[in-house]
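Numbering (my numbering), first residue to last: 194 to 492.
For each residue, glycine too, the CB sits at the ideal point set by N, CA and C.
Bear in mind that the values here come from a model prediction, so they are computed numbers and not experimental data.
Reading through the structure tokens given below for one structure.
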């Protein structure tokens with residue numbers, strides 16, 4: 194893979210705002226060896242002692258995301274007969290933790306580097322754990338196990354915890370140089386980190402695609418409905434739009450606004466809207482007027 198871009202983060206960190214860049218920068222911030230006169234950098238807000246607060250828009254949107262998720266948790270609690278209610282609440286809790294960590298990892302608070310590395314590791318770990326939980330939410334809809342039971346929740350939380358701990362350890366070891374095993378990820382010009390590339394970039398994408406396919410089969414083939422697919426498709430489009438704005442368009446947004454904002458703000462906004470639409474989708478397929486699914490009718 195030496196001649197491919199697989200596993201490389203240098204260009205991503207140059208053009209986008211990503212939590213993983215905090216681990217690969219010698220400053221342990223969004224600034225690093227990828228900075229040059231050709232790429233735009235967020236200026237943020239000036240503070241005392243020459244410090245700056247960056248990505249204020251993302252910070253405010255994360256706060257809104259936390260409040261919105263708490264409201265959805267409350268609404269979920271009221272749907273006592275809904276299939277996968279507890280599992281959906283676990284997903285929302287994961288998203289709340291992601292939003293909290295994003296405030297301190299992408300938000301560019303003037304933090305101690307070790308503290309920022311810790312928030313970044315938790316952030317990355319919860320991204321893969323929460324997308325895994327979302328995929329399991331789709332499987333729960335097939336009612337292979339009784340939803341909301343201790344066994345179901347233990348399988349969901351336990352498997353997600355394994356991914357969280359494993360990914361979090363790799364991220365911490367990378368940023369804090371505990372063993373030195375991942376120190377090659379600091380080498381220029383590529384900043385290559387195969388493990389985190391797979392865990393942070395690829396695995397969540399696989400989980401999200403699997404979730405969409407499983408839910409589409411459930412709605413179209415099992416429930417025989419079309420309307421909920423509008424909500425699910427909207428969630429997918431919103432999420433994809435946020436990723437494109439952060440990975441592809443961010444440098445143009447930053448340049449066009451003279452460093453005031455970049456694609457990270459829109460990624461946070463569109464991800465929030467995608468989570469809301471996904472909750473609306475889940476709510477729509479757990480309404481009392483859906484026909485009950487006879488046993489042994491799953492593909």
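Just to confirm the assignment, what range does the alpha helix (DSSP H) spanning residue i have?
i	result
residue 203	203-208
residue 461	456-477
residue 283	278-298
residue 420	420-440
residue 403	396-410
residue 445	443-449
Indicate the three-state DSSP secondary structure (helix, strand or coil) for residue i in the structure shown.
i	result
residue 385	strand
residue 246	strand
residue 234	coil
residue 211	coil
residue 416	coil
residue 261	helix
residue 251	helix
residue 273	coil
residue 490	Low confidence applies to residue 490: its pLDDT is 47, below 50, so where it sits in the model is not reliable, and the reading given next is rough at best. In this structure, residue 490 counts as coil in the three-state DSSP scheme.
residue 481	Residue placement at residue 481 cannot be trusted, given a pLDDT of 47 that sits under 50; the coordinates are not used to answer.
Would you decide whether residue i is buried or exposed? Buried here means 16 or more other CB atoms lie within 10 Å of its CB.
i	result
residue 194	For residue 194, the predicted structure reports a pLDDT of 47, less than 50, and the residue's modelled location is therefore unreliable. A value from the coordinates is still provided. So residue 194 ends up on the exposed side.
residue 247	buried
residue 334	buried
residue 371	exposed
residue 419	exposed
residue 307	exposed
residue 337	exposed
residue 448	exposed
residue 213	buried
residue 270	exposed
residue 417	exposed
residue 397	buried
residue 382	exposed
residue 451	exposed
residue 377	exposed
residue 305	exposed
residue 404	buried
residue 385	buried
residue 373	exposed
residue 332	buried
residue 421	buried
residue 464	buried
residue 267	exposed
>> Runs of 3 residues minimum, wholly inside the stretch 300-377: which ones carry the beta strand (DSSP E) assignment?
In response: none
>> Taking contact to mean 3 or more Cβ pairs, one atom from each stretch, closer than 8 Å, check whether the stretch 380-398 and the stretch 319-330 are in contact.
In response: yes
>> Three or more C-beta pairs under 8 Å: does that hold for the stretch 435-448 against the stretch 204-212?
In response: The stretch 435-448 makes contact with the stretch 204-212: 3 or more CB pairs, one atom from each, lie closer than 8 Å.
>> Does the contact criterion of 3 or more C-beta pairs under 8 Å hold for the stretch 288-297 versus the stretch 261-270?
In response: yes
> Between the stretch 309-318 and the stretch 354-374, do at least 3 Cβ pairs fall closer than 8 Å?
Replying inline: yes
> Taking one C-beta from the stretch 267-283 and one from the stretch 461-476 each time, how about it: are there three or more such pairs within less than 8 Å?
Replying inline: In short, these stretches touch, since the Cβ pair count reaches three.
> Just checking, does the stretch 221-236 make contact with the stretch 424-434 on the three C-beta pairs under 8 Å criterion?
Replying inline: no
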